[in-house]
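K.L.:
Residue numbers are given in my numbering: position 31 of the sequence shown equals residue 37, and the series is strictly consecutive. Just so you know, even glycine gets a beta-carbon here, dropped at the ideal spot from N, CA and C. Dropping a structure here in structure tokens format, bear with me for questions.
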Amino acid sequence: MGGFFESLGDLFRALFEVFTSATMYGSAVRLGALLAFAAIGEMVAEKAGTINISVEGSLLAGAFTGTLAYHQTGSTALGLLAGVAGGLIISWIQANMSHRLTADQFVVGLTANVLVLGVAGFLNGVIDPKAASAGILEIPLLSDIPLIGPALFGQRWPLYLLYPIIPLTWWLLYRTRWGLEVRAVGENPQAADVSGIDVNKRRRQSIYYGGILAGLGGAFIVLGPIGSFETGIIGGRGFIAIAAVYFGGWRLGGVVLGSFLFGLADGFRLALPSVIANVDPPLEGAMIDGLSNASFLAALPYVLTLLVMYLITKEFRQPAALSQPFIRGLR
């Protein structure tokens with residue numbers, strides 16, 4: 007029994023060390039920012055009544071085109087712009103196949119994801135583009151706040167592009183006629199059509215917006231914290247971004263919070279092994295071995311995603327016409 011309580015004590019000590027580690031919070035913010043770029047754009051698309059399954063492909067396309075542009079020019083800014091273009095191309099395919107040709111939006115999205123994965127993998131092997139991380143920009147005073155200061159205000163500069171995007175998206179959705187029409191076509195597309203709104207055009211535009219942000223997010227992760235490209239760099243996080251929209255109840259603040267919560271789980275996964283290895287006196291025991299198991303840690307963000315989807319999403323009302331195709335005259 008004494009061995010059990012000793013092992014339990016080591017477990018709590020390990021968790022304390024991780025959650026008071028600046029390393030974990032830095033990783034959480036970087037990974038949460040990647041999700042937030044994609045999730046904010048996905049929320050706009052879902053507000054218009056469409057689920058953009060190709061957000062994963064837009065992230066990967068943004069990562070690859072951003073890497074390619076940096077390889078050719080050596081400019082981080084041009085790399086980020088190229089990432090935007092890459093994400094926009096995938097969203098254009100999704101939007102026009104789903105809301106101009108009325109193909110099934112889920113099938114189109116999954117096909118686009120597989121297409122990007124294959125094309126990026128092939129071109130990466132042929133071209134082997136090189137990238138590098140942008141410089142760190144520390145915000146005076148704010149970056150000195152313990153734990154969260156360096157994580158939020160001592161990052162590589164592409165991350166700070168997320169901060170103005172949050173209020174910009176709020177303004178677009180809730181303070182412009184375009185945003186009003188986007189929300190209208192997501193709630194009652196037939197009534198919006200009668201009012202003279204081009205329902206499918208607004209849906210396409212909302213997907214373009216999502217593709218732009220996802221492409222920017224993909225380029226950010228390469229040209230910000232990682233500094234190199236590989237085809238597994240996104241690793242399913244596009245689908246976690248969709249889950250973050252559900253977690254947030256289709257509200258901007260909730261979506262951002264959900265993104266950083268999932269980022270926290272991912273940051274915990276990355277920080278735990280190094281923190282445990284450096285604790286003195288050493289941590290040991292079956293509980294520690296189980297907690298630091300590589301397979302368990304790899305699955306942790308996705309387990310959290312499923313748990314949140316089960317517990318949280320039933321509490322919020324989704325846009326009434328979400329995932330329902332619009333064909334004029336049909337009810």
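Comparing C-alpha positions only, which one of A327, F274, L328 and G32 sits nearest to P152?
P.N.:
Taking the first residue of the sequence shown as 1, we reach residue 152 at position 146. Closest option to P152, Cα to Cα, is G32.
K.L.:
Would you say the segment 71 to 79 touches the segment 198 to 208, given that touching needs at least three Cβ pairs under 8 Å?
P.N.:
No: fewer than three Cβ pairs fall under 8 Å.
K.L.:
At a cut of 8 Å, does the segment 207 to 223 reach the segment 60 to 70 through at least three beta carbon pairs?
P.N.:
Result yes; three or more Cβ-Cβ pairs closer than 8 Å.
K.L.:
What first and last residue would you give for the alpha helix (DSSP H) that runs through I57?
P.N.:
Looking up residue 57 in the sequence shown gives position 51. Element bounds for I57: n/a, residue is neither H nor E.
K.L.:
Relative to the alpha-carbon of G242, which residue among P231, L313 and L116 has its alpha-carbon at the smallest distance?
P.N.:
Looking up residue 242 in the sequence shown gives position 236. Ranking the options by Cα distance to G242, first place goes to L116.
K.L.:
Using CA coordinates, which residue listed in A126, L86, F112 and E193 is at the minimum distance from E236?
P.N.:
Locating residue 236 in the sequence shown gives position 230, counting from the first residue. Closest option to E236, Cα to Cα, is A126.
K.L.:
Do you know how far the Cα of L129 is from the Cα of Q196?
P.N.:
Within the sequence shown, the letter at position 190 stands for residue 196. Within the sequence shown, the letter at position 123 stands for residue 129. The alpha-carbon atoms of Q196 and L129 are separated by roughly 44 Å.
K.L.:
Work out the CA separation of R275 and I172 for me, nearest whole Å.
P.N.:
Here residue 172 refers to the residue found at position 166 when the sequence shown is read from its first residue. Here residue 275 refers to the residue found at position 269 when the sequence shown is read from its first residue. Cα-Cα distance, rounded: 27 Å.
K.L.:
G160 bridges to which residues according to DSSP?
P.N.:
Within the sequence shown, residue 160 is the residue found at index 154, counting from 1. Paired residue(s): E144.
K.L.:
Are the segment 34 to 51 and the segment 247 to 265 touching by the rule of at least three beta carbon pairs closer than 8 Å?
P.N.:
Because the criterion of three Cβ pairs below 8 Å is met, the segment 34 to 51 and the segment 247 to 265 touch.
K.L.:
Tell me where the alpha helix (DSSP H) around Y215 begins and ends.
P.N.:
Locating residue 215 in the sequence shown gives position 209, where the first residue counts as 1. Its alpha helix (DSSP H) spans residues V205 to I227.
K.L.:
Between the C-alpha atoms of L107 and P331, what's the straight-line distance to the nearest angstrom?
P.N.:
As a working mapping, residue 107 is identified with position 101 in the sequence shown. As a working mapping, residue 331 is identified with position 325 in the sequence shown. Cα to Cα, the separation comes out at about 11 Å.
K.L.:
In chain order, what residues of the same chain have a beta carbon less than 6 Å from the beta carbon of G260, not counting five sequence neighbours either side?
P.N.:
Reading the sequence shown from its first residue, position 254 is the one you call residue 260. Only G254 meet the Cβ criterion.
K.L.:
Using the three-state DSSP reduction, which class does F6 fall into: helix, strand or coil?
P.N.:
In the structure as shown, the chain begins at 7 and stops at 337. Residue 6 is therefore absent and cannot be evaluated.
K.L.:
Could you give the residue range of the alpha helix (DSSP H) that holds L174?
P.N.:
Here residue 174 is taken as the residue at index 168 of the sequence shown, counted from 1. Run containing L174: L168 to Y180, per the alpha helix (DSSP H) assignment.
K.L.:
Count the other C-beta atoms from every protein chain shown that fall within 10 angstroms of the C-beta of S329, then say buried if there are 16 or more, exposed otherwise.
P.N.:
Stepping through the sequence shown from its first residue, residue 329 is reached at position 323. Exposed, because fewer than 16 other Cβ atoms sit within 10 Å of the Cβ of S329.
K.L.:
Would the beta-carbon of Q330 be found less than 7 Å away from any heavy atom of the ligand MN?
P.N.:
The model on display carries no ligand, and the ligand MN is accordingly not part of it.
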